[in-house]
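Just so you know, the sequence shown maps onto residues 56 to 252 in the numbering used here. All C-beta atoms in this analysis are idealised placements derived from N, C-alpha and C, irrespective of residue type, glycine included.
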Amino acid sequence: MKEIIIATKNKGKAEEFKSFFGKYGISIKSLLDFQEVMPDVEETGITFKENAALKAEEISTMLSIPVLADDSGLVIDALNGEPGIYSARYAGEPKNDQANMNKVLKELQDVPKNKRMARFVSVLAIAIPGEATVFREGYCEGEIAFSPRGAHGFGYDPIFIPQGYNKTMAELSAQQKNEISHRRNAINQLEDWIKNI
Numbered sequence: 056m057k058e059i060i061i062a063t064k065n066k067g068k069a070e071e072f073k074s075f076f077g078k079y080g081i082s083i084k085s086l087l088d089f090q091e092v093m094p095d096v097e098e099t100g101i102t103f104k105e106n107a108a109l110k111a112e113e114i115s116t117m118l119s120i121p122v123l124a125d126d127s128g129l130v131i132d133a134l135n136g137e138p139g140i141y142s143a144r145y146a147g148e149p150k151n152d153q154a155n156m157n158k159v160l161k162e163l164q165d166v167p168k169n170k171r172m173a174r175f176v177s178v179l180a181i182a183i184p185g186e187a188t189v190f191r192e193g194y195c196e197g198e199i200a201f202s203p204r205g206a207h208g209f210g211y212d213p214i215f216i217p218q219g220y221n222k223t224m225a226e227l228s229a230q231q232k233n234e235i236s237h238r239r240n241a242i243n244q245l246e247d248w249i250k251n252i
């Protein structure tokens, strides 16, 4: 069976990737699956693409094997694109999903429903030793709810209502979410690459 290393220590992300790649007969290992403690790659880029490349390339160089990294986040039009690349740490350190959501809702408290457009963005970078890094991007359009709803998912899922739905991402089943998510849309762009590995 083929194996891909995903450069993440986020359990929720790792599970999403496992379910995506399973249908291709590809097993997934995340950085949590290594016995030695893997370093946290400093995300010094100013775009999702730069940060995804930094993570994939550093871990690939260290392990001498192909590594996929994703940099993703929430982009809100009314906040000029924030939280963007700072999505995971929007409310500061340490990372805290609830604090991040609270900050977004506070910033948007006077913004009406028709101006709460947002999208989840995912940029995948695949670093293969000796080859140029491959990139794919995916989006999930939607809007920001007025309060958190639902118990599934992670990150900003409880306040994000995907386009065409009246439920938040956190109210959808894992299967429903995986069908429409930004990561799924980015992985769909990878299908040709996956079939050739």
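Per the Cβ contact rule, the region 125–136 is in contact with the region 170–182 (3 or more Cβ pairs under 8 Å).
Counting of Cβ neighbours within 10 angstroms places residue 226 among the buried residues, the total reaching 16 or more.
Residue state for residue 103 is assigned as helix, using DSSP reduced to three classes. Rounded to the nearest angstrom, the Cβ distance from residue 57 to residue 87 is 20 Å, too far for a contact under 8 Å. DSSP places residue 246 in the helix class (H, G or I) of the three-state scheme.
Just so you know, the alpha carbons of residue 144 and residue 150 end up roughly 5 Å apart. Three or more beta-carbon pairs drawn from the region 67–83 and the region 230–243 are found closer than 8 Å, and the two stretches are therefore classed as touching. In its chain, beyond the 5 residues on either side, 106 have a beta carbon closer than 6 Å to the beta carbon of residue 98.
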